[in-house]
Amino acid sequence: MEPENTHAEPPASLESYLDHTKARRRLFQPSYAARSSTKGYTIDPIGAAPHSTPIHAMAMVQDASVLLSGGSDGYVRWYDLNASVNGKNMLTQNLRSSFVEGVTKGGVLTTWWGNAHLQANDPLSRTDAPLSPVHSLACERDALWATSGGEGGNINLYGLRHDPGQLRHVFRKHTAAVSALALSDSQTMLISGGWDRGVFQWDLHTGQVVRAFDGHIGQVSSIHFRPTQAPSVTQQTIQGDAMEVDYTQGTSPTEVEMHEELAPPSQDLHNETNLVSDLSTAAKNDNKAENDGDNDNDSDSLFGEQDESMAEARVDGSGESADADGDSDDDADGEEDLFRSPEIKPEADSGLDPSRQPANQQGKGSGPWSLALPGQQRTQSDRAQSTPEAQQHPSPKTQPDPKSSADSKPKTNVRHLPKPMFGSMSTAGQYDADLSQFSSDILLTSTLSGQVLLWDRRVDTKGRPGVHALPLPPHTPPWCMSVCWNNAGNRIYVGRRNETVDEWDVRMLPDLSASFTKDSAKAPSLLNILRLPKGSGPVNAVRMMPNDRHIVCASYDNVRLWDTQPKNPSDIPFKIVAGHHGGTISEMLVDERAQFLLTSSGDRGWFSHSTETLLMHEITPL
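Heads up, the sequence shown is in my numbering, so the first residue is 1 and it goes up one at a time.
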């Protein structure tokens, strides 16, 4: 009698193998309880992996079996995460005393290797090459290979499954530290960003740069592709996110829906100054003149030292000092944002012929709250339409009368910062592409100078700074170390230095090419601002939980789990996640099944304090 064959049958064809692979990958997703939880999560610390060096970056494979970490000592460490959380290596009593209660498990170190910095003519087999601090990591989902960004500008490609740590290739383009790496969903494209303000797209088949994303005005701090997951269960139970009540600005669902019924967009590039003046006028009419005593110059906001009353201006709509955008009307008297370019001439900056623009649209521009975010699908008939005013008064294709703006309210002279050499933080190039259906081609980048840009790899920006730029909210220092998407890919969260987290809805941002109306001026752009307690320190890392309602915010003092939709606004909307205290969080990771939260402490080379520890937390949905 022949013995029974206990081995699985090999795939009969390549298609069968790919089907099996896709079926396995679909297993790695959050549970229904994690996606549908409205009460939040219990996040308990269970283990730690001390490094004795600042940890700048972490990366994890899809099944969470391999965890990579890199720091300032120039070494990449490979941890077996499954063995670590299962207690295969327990911490000694001396080490346990330095952590909070519950941290008893230690990291199981599998192997490590040095992040060598090779010159252009050095062979890959060189063993005595100097080590370069690791500033970023990216790992292939099936643990076949990994990449590391060094301080010298090189990106090293290592093998993982076969000959771990063996250097296979070096990507050379950056001239400074590579601070951010991101892999596309197909695992064939690598996006890198560095301190040289360069962001490049690499073809991993050829090892060559195929595109450069120009326009960053500071050191790149993070790069993220738009998630492709379906919305969480809590979002699917709502009739669209636009129907939610805006807790920050107190707008009703009707007012939020009003933004979706804007006038049909046109292809005209507006002038920035007049648009901001219209916004200010609309806000001033709503608020009468109650903030006349607060119309001070906010030039100190560059360093976060603005007046206390200005810094504490609420945007939750609880007071009557909130304008149409949910912020105090400090510029109601014509004061302009210091971070806005002094003047933007359409014929000079956009390459558009002013004579081809309607007269009622010439001289109007983007402004900090008017961004070229993709809207609904445009048809030829839609583009031919215009506002009722434009239909009653057809505009000739001639230059506007210089006296047409003589009746407008004169603006006071204010000082402006020098215009950045790569463009303004709050403006972006115009385009005409149907992005009502988003894809993983949407790219989100941020810089340490506070710039947050949206890119579409299908759109040729031709040297312009992205297809969208999130403006800097009033009284917010120009600083950003971390951004993230929600799981549905329709909201963006930005950590700021003034102990706040900005929440943006990409479907509610004004369109640069849309005709400006009074209703569109009142449509909210900045959806919410999460204000951490005073003394929390800069928000170094943000990470969204599977229910798209709770977000993990890491500041200098603690890590907090924040409820963005509290049932009772008077309740404290966050709770402390035990473990971290007194240091900069360089990276936070949540595994694909939302079972573990990992935090690492390091300054990422930006001169801050570090606890030099990697902490492991267990996530339990309530």
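Every residue, glycine too, gets a C-beta built ideally from N, C-alpha and C.
Is DSSP giving residue i helix, strand or coil here?
i      : result
PRO133 : coil
THR228 : coil
ALA212 : strand
SER192 : strand
THR38  : coil
TYR32  : helix
ILE618 : Correcting the residue type first, residue 618 is Glu in the shown sequence and not Ile. It is a strand residue.
GLU15  : helix
HIS20  : helix
GLU255 : Any reading at GLU255 must be qualified, since the residue scores a pLDDT of 37, below 50, and its modelled position is unreliable; the value itself is stated next. If DSSP states are grouped into helix, strand and coil, GLU255 belongs with the helices.
Determine which residues share a DSSP beta bridge with residue i and list them.
i      : result
LYS575 : LEU561
ASN490 : According to DSSP, ASN490 bridges with nothing at all.
ARG531 : THR500
HIS475 : Answer is none; HIS475 lacks a bridge partner.
VAL539 : SER555
LEU454 : LEU444, HIS468
PHE607 : Note: PHE607 sits in no beta bridge, so no partner.
VAL220 : THR447
THR613 : PRO50
PRO10  : Beta-bridge pairing links PRO10 to no other residue.
ALA625 : Since the displayed the chain opens at 1 and closes at 622, residue 625 lies outside it and no answer follows.
GLU587 : SER600
To the nearest angstrom, how far is it from the Cα of residue i to the Cα of residue j?
i      : j      : result
HIS617 : GLY102 : 10 angstroms
ASP203 : GLY149 : 16 angstroms
GLY537 : SER98  : 22 angstroms
PHE607 : SER36  : 40 angstroms
PRO10  : SER16  : 9 angstroms
ALA116 : THR564 : 43 angstroms
ALA143 : LEU160 : 6 angstroms
TYR493 : THR620 : 23 angstroms
GLY47  : GLN93  : 13 angstroms
LEU526 : LEU453 : 15 angstroms
ALA34  : TRP562 : 15 angstroms
TRP504 : LYS88  : 42 angstroms
GLY602 : LEU470 : 27 angstroms
GLN201 : ALA180 : 12 angstroms
ASN487 : GLY582 : 29 angstroms
ASP571 : HIS550 : 15 angstroms
GLU612 : ASP163 : 28 angstroms
TRP113 : LEU167 : 10 angstroms
CYS553 : ASP44  : 15 angstroms
MET90  : GLY106 : 5 angstroms
ILE576 : ARG126 : 47 angstroms
ASP122 : THR147 : 19 angstroms
GLY152 : ARG172 : 10 angstroms
VAL501 : ILE529 : 6 angstroms
HIS20  : ASP63  : 15 angstroms
LYS22  : ASP185 : 13 angstroms
Under 7 angstroms between the Cβ atoms of residue i and residue j?
i      : j      : result
VAL85  : SER136 : no
VAL559 : GLY495 : no
GLN187 : GLU140 : yes
HIS541 : MET508 : In the sequence as displayed, the identity of residue 541 is Ala instead of His. Their beta carbons are not under 7 angstroms apart, which means ALA541 does not touch MET508 by this criterion.
LEU118 : VAL170 : yes
THR447 : SER221 : yes
PHE213 : TRP455 : yes
PRO30  : ARG543 : no
TYR75  : LEU67  : no
ASN490 : VAL506 : yes
Legend entry - Every unbroken alpha helix (DSSP H) within the region 53 to 114, with a cutoff of 4 residues, ordered by chain: 81 to 85, 93 to 96
Legend entry - Minimum length 3: unbroken beta strand (DSSP E) runs contained in the region 142 to 181: 145 to 150, 154 to 159, 167 to 172
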